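Report on the following structure.
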Amino acid sequence: MSPLSRKHRQWLFIVSIIVFASAVPLLVFYAIGYRIDLSGETSNIRTVGGIYASTDTANVKIYIDDEPVKNMRIFQNAAYIQDLDAGLHQIHTQGEMFQTWVKELPVYAQYVTEVSSFNLPITPQIRLVTKFTTDSKASVVGLDATSSLAFASTTNSFYATSSTATSSFNINPEYTYLAELFASSTAERQLFKQQQNQDKRFVFQPTATTSEILVATTTKVRDDIILQEIDDDIEAVWVGSNKNRPAYFCVTYTGPKSTILAYGTHVYEDIVDEFGEATDLFSDEIIGAQMCRDSVRIDSQGKEVKYFNFLPKRSDLVIMHLPDGIYVTEIDDRAWQNVQLLYPGDDLDILIESNSIFVKDGGIIMEVFTEIRS
Amino acid sequence: MLDQTHLLPYARRPDFKVGKAPELTGKNRRLYRMLEILPGLATWTTLIGVLLLSNYAPFIAAYFIIGFAIYWVLKTAFLSYHLRYNWKRLRHNLKVDWQSMNSRFEYDHIHHLIILPFFQEPEEIIDATIKSLSEVNYDKKKLMVVLAAEEKAGLEAQKIANAMKEKWGGLFGEFLVTTHPSGIIGEVAGKGANATHAAEEARQKILDVRGIPYDQTLVSIFDIDTILYPNYFNCLIWYFMTADKPLKTSFQPVPIFNNNIWEAPAIARVVAMSSTFWEMIQQERPERMATFSSHSVSFQALYEVGYWQTNMVNEDSRIFWNLLIANNGDYHVVPLSYPVSMDANVTSTFWGTVKNIYKQHRRWTYGVENFPYIIYHFTKNKKISLWKRITIAFQQAEGYWALVTNPIMLFILGWAPIFLGTQEFHQTVLSYNLPILVRNLLILAMFGLVVSSIISLTMLPPRPEGKSRLRYITLALQWILVPVTMIVFSALPGLDAQTRLMLGKYMGFWVTPKSRTN
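Residue numbers (the numbering used here), protein chains in the order written: chain A, 3 to 376; chain B, 28 to 545.
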């Protein structure tokens, strides 16, 4: 049996070169977003963009323009939706028993619009933390409390009693600890509020520097984002490097009208505030450019914000205590900010401890979850 | 003054057997040193370049990576085709009745000098090798065995050598035990020095005494763990007799590292079979071949260049370059496509095996020391055609560069633009499509592994008693380890070896420990 002839090998080599020379431009063009459209009478080349949507909620589906995304790619809880024509696209995530998150964002040819959704349970998910527990670790609650918590779903077993005798129950150390924390934090907050009112002129002067802002005890910092209260508004300020700046701080500027159409008037106004004086916003040179803001205002629905913080383990979501309940809102204000109710009530107190959210509703302390616990 | 009259004219040059730059002086030393630096420099430049490109020009890096992944798919397909073809040829050659094929030749005058250098390998390894020699289908009286011991290995090695002579001596035409003295200045302690000493002693004590012409003597140098298949010498004779220029030719069998494959862990099996497959692929493109490990060559050719080099590590491949350069380019390797079995690198512990495989492959990839040698002599020996010099130089440069850079770029740096690229890049479709595209291309390339898996199963020795049939499943699935083995046992030792050469930290010979439980 003869070895492979040189001629045979040369033929193989030439075929390989032809395949290589053909495949490289084809795949590069594909990778950068060119598609051959064969659907019409005449085939033509179109350019496409994409959306990268992520959600950390299990059992929700991602929809683009009301069509469910079938192939959740890359990671299980994220989808990279390819081959989208340039233009406005509606993204929404929804699932049974969850609030719906929806946003309308522009997609540009050869670019990917990044977005991160959140879906809180429709029925608040709570775990009661009572003063007493039974031997089997069930929380002991008064009968009157059970009726007031009917709107919520408790994840732990509880024992309802009308008796005031507690000798047969065990004292719950978690309750004792949390009750102390609630007591001290409430006192601290009242004290700070008084101080804030006294020092308001100093802390929130327009010329206030970052270091001045940082000393305010209401300021929260996570992943190079500062949450701060300015003139009764909450603002998220980016203080990290440009390279790591989250996508929602930036927009693709396409001129005044189309930018308003794509991202909303409030975003356009932010751009005018930040760049208007130094830049000709009608200049061809900046059309199509990425314009990044340093701060985004958080929508508190015109209500007084009693407390705010980052949602545990997330730096893109803000938890706010408003007069009628605990809400979660996203910092991403492109188009609009989604706001979802976490726990309703007008006599609440909130505490975040070790990445857990605790709410005191009247006299009842509970842990509130952002996901549905089976 | 040593007698050099038997050497080819070019082989008489004082720098003919240069091992490293410090052995030269003046301009030659600077040239050689620069050539030593070149492979490592090219490799490091590529790797750092890809990182820098990913950081500062991620779009260009992404295009390059897509092109590179396509190249890899095609290369895999191209090499798999060669592998499959050689596998068919190997199986065919194992079935051929070489004795009847040789009946048309007169070859009684051909003698075989078999050199078996060893160091501290256990007796059972040496015994098994000589036993396999005793079982070949060939006139044993034409076989002259030289068991080449090392003085440095002490009395135990002498005892083993003498015991072997006692046991097998009467069976062969000659059985000579030689002992390579230790501590010779200028030598790198290793196989090359031992083999050269053995060959010269065999010349004086056997060939000259018996009047056997050098051009009628075929030298087969085998690693001490080499088990011969029965028709090795018949196959060798056929190729020798049919070669265009048999005295200007080396003959290369396929080393199959499977003697102890059933005892080896999966990672050692994959590495061993990958080495075998690479040699099989090379057998189908002999113009890129150099000799490797066990091989055969005429004594005349060896004598004309003064045998193997004694001052460097990889003498098995260097002897081919010595012969090619001394013969002004008129020297070739003929692939036998006939197997010899050798040991996979195995120790008693998993991590011991990993360590030894790494060291063995670092020694093999230190074959990059041939690059400065080849290019240096290509600048000196203008009698070698320019085209041949350019072709070989390019093949060698590409080979050493690809060995290290390809696996790292493919499995690690391919993702660099995604992690290092600019914000502008991260927002593009290209940034999102790059990992998907590269992943899909790598999956496509993995089909080459299916070919490897099937072929490897057909090359296994019989399943020993006590080994479950289920083992075949792991033997088939083990090939998913290839991305790991390519990085850990090919790219990293290669990078290590090239960096050492680049920095002038020259390596010595590391003897692979051999042991067999069965």
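Even for Gly, the Cβ is constructed at its ideal location relative to N, Cα and C. Every value quoted in this text rests on a predicted model; they were computed, and no experiment measured them.
Backbone CA spacing between residue i and residue j [nearest angstrom]
{"i": "B/Pro36", "j": "B/Asn467", "result": "55 Å"}
{"i": "A/Ser24", "j": "A/Tyr32", "result": "13 Å"}
{"i": "A/Val205", "j": "A/Asp235", "result": "Residue confidence is low: A/Val205 scores 38 on pLDDT, short of 50, so the model does not pin down where it sits. No coordinate-derived value is stated."}
{"i": "B/Pro144", "j": "B/Ser364", "result": "24 Å"}
{"i": "B/Gln147", "j": "B/Asn189", "result": "14 Å"}
{"i": "B/Arg312", "j": "B/Asn408", "result": "25 Å"}
{"i": "B/Leu522", "j": "B/Ser325", "result": "35 Å"}
{"i": "A/Ala238", "j": "A/Thr256", "result": "24 Å"}
{"i": "B/Lys115", "j": "B/Ser480", "result": "15 Å"}
{"i": "B/Asp30", "j": "B/Tyr330", "result": "12 Å"}
{"i": "A/Ile262", "j": "A/Tyr270", "result": "6 Å"}
{"i": "B/Phe377", "j": "A/Val143", "result": "60 Å"}
{"i": "B/Met307", "j": "B/Thr223", "result": "28 Å"}
{"i": "A/Glu2", "j": "A/Ile124", "result": "Residue 2 of chain A lies beyond the stretch modelled for chain A, which goes from 3 to 376, so this question has no answer here."}
{"i": "A/Lys63", "j": "A/Val117", "result": "14 Å"}
{"i": "B/Gly196", "j": "B/Val332", "result": "30 Å"}
{"i": "B/Glu396", "j": "B/Arg60", "result": "11 Å"}
{"i": "B/Met191", "j": "B/Val515", "result": "38 Å"}
{"i": "B/Asn120", "j": "B/Ile187", "result": "35 Å"}
{"i": "A/Ala88", "j": "B/Ala429", "result": "41 Å"}
{"i": "A/Arg37", "j": "B/Arg496", "result": "50 Å"}
{"i": "A/Ile378", "j": "A/Ser138", "result": "Only positions 3 to 376 of chain A appear in this structure, which leaves residue 378 of chain A out of reach."}
{"i": "B/Leu62", "j": "B/Thr303", "result": "29 Å"}
{"i": "B/Asn287", "j": "A/Trp13", "result": "39 Å"}
{"i": "B/Gln279", "j": "B/Leu263", "result": "9 Å"}
{"i": "A/Leu122", "j": "A/Gln101", "result": "6 Å"}
Below-8 Å beta-carbon distance, residue i vs any chain B residue
{"i": "A/Met3", "result": "yes"}
{"i": "A/Arg11", "result": "yes"}
{"i": "A/Val370", "result": "no"}
{"i": "A/Phe22", "result": "yes"}
{"i": "A/Gly89", "result": "no"}
{"i": "A/Tyr255", "result": "no"}
{"i": "A/Lys245", "result": "yes"}
Of the residues the options, the one placed nearest residue i, counting alpha carbons only
{"i": "A/Arg295", "options": "A/Gly304, A/Asp301, A/Asp272", "result": "A/Asp272"}
{"i": "B/Val236", "options": "B/Ile248, B/Tyr266, B/Glu201", "result": "B/Glu201"}
{"i": "B/Gly475", "options": "B/Thr244, B/Thr103, B/Val515", "result": "B/Thr103"}
{"i": "B/Ala270", "options": "B/Gly426, B/Val360, B/Gly196, B/Met171", "result": "B/Val360"}
{"i": "B/Phe556", "options": "B/Arg496, B/Leu461, B/Ile500, B/Cys262", "result": "An answer regarding residue 556 of chain B cannot be provided, because it is not within the stretch 28 to 545 covered by chain B."}
{"i": "B/Val478", "options": "B/Arg111, B/Ala38, B/Gly535, B/Met300", "result": "B/Arg111"}
{"i": "A/Val223", "options": "A/Ile366, A/Ala154, A/Asp318, A/Arg37", "result": "A/Asp318"}
{"i": "B/Thr501", "options": "B/Phe105, B/Ala328, B/Glu183, B/Ala295", "result": "B/Ala295"}
{"i": "B/Gln505", "options": "B/Gly181, B/Pro491, B/Pro292, B/Gly426", "result": "B/Pro292"}
{"i": "A/Gly35", "options": "A/Thr95, A/Gln84, A/Lys9, A/Ser4", "result": "A/Gln84"}
{"i": "A/Lys308", "options": "A/Pro314, A/Arg316, A/Ile321, A/Arg299", "result": "A/Ile321"}
{"i": "A/Ser358", "options": "A/Thr57, A/Gln112, A/Val131", "result": "A/Val131"}
{"i": "A/Asp348", "options": "A/Arg336, A/Trp338, A/Gln339, A/Gly365", "result": "A/Gly365"}
Opposing strand residues paired with residue i [DSSP bridges]
{"i": "B/Glu183", "result": "Answer by DSSP bridge pairing: none, since B/Glu183 is not bridged."}
{"i": "A/Thr254", "result": "A/Gln292"}
{"i": "A/Met368", "result": "A/Leu130, A/Val361"}
{"i": "A/Ala140", "result": "Looking at the DSSP assignment, A/Ala140 forms no beta bridge with any residue, so it has no partner."}
{"i": "B/Lys168", "result": "Answer is none; B/Lys168 lacks a bridge partner."}
{"i": "A/Gly52", "result": "A/Val114"}
{"i": "A/Lys63", "result": "A/Gln96"}
{"i": "B/Ala175", "result": "B/Pro144, B/Thr205"}
is_contact[residue i, chain A] using C-beta, thresh 8 Å
{"i": "B/Gly493", "result": "no"}
{"i": "B/Phe105", "result": "yes"}
{"i": "B/Ile93", "result": "yes"}
{"i": "B/Leu437", "result": "no"}
{"i": "B/Gln454", "result": "yes"}
{"i": "B/Leu519", "result": "no"}
{"i": "B/Gln450", "result": "yes"}
{"i": "B/His139", "result": "no"}
**Message:** Which residues of the segment 32 to 45 of chain A have a Cβ closer than 8 Å to any Cβ of chain B? Give them in chain order.
**Reply:** Tyr32, Ala33, Ile34, Gly35
**Message:** Please list, in chain order, the residues of the segment 295 to 315 of chain B that have any C-beta partner in chain A closer than 9 Å.
**Reply:** Gln310, Glu311, Arg312, Pro313, Glu314
**Item:** Contact set between the segment 215 to 226 of chain B and chain A, restricted to residues whose Cβ is under 9 Å from the partner
**Value:** none
**Item:** Members of the segment 457 to 486 of chain B near chain A, C-beta cut-off 9 Å
**Value:** Leu457, Ser458, Tyr459, Asn460, Leu461, Pro462, Ile463, Leu464, Leu468
**Message:** Counting only Cβ-Cβ distances shorter than 7 Å, please list the residues of the segment 410 to 422 of chain B near chain A, keeping chain order.
**Reply:** none
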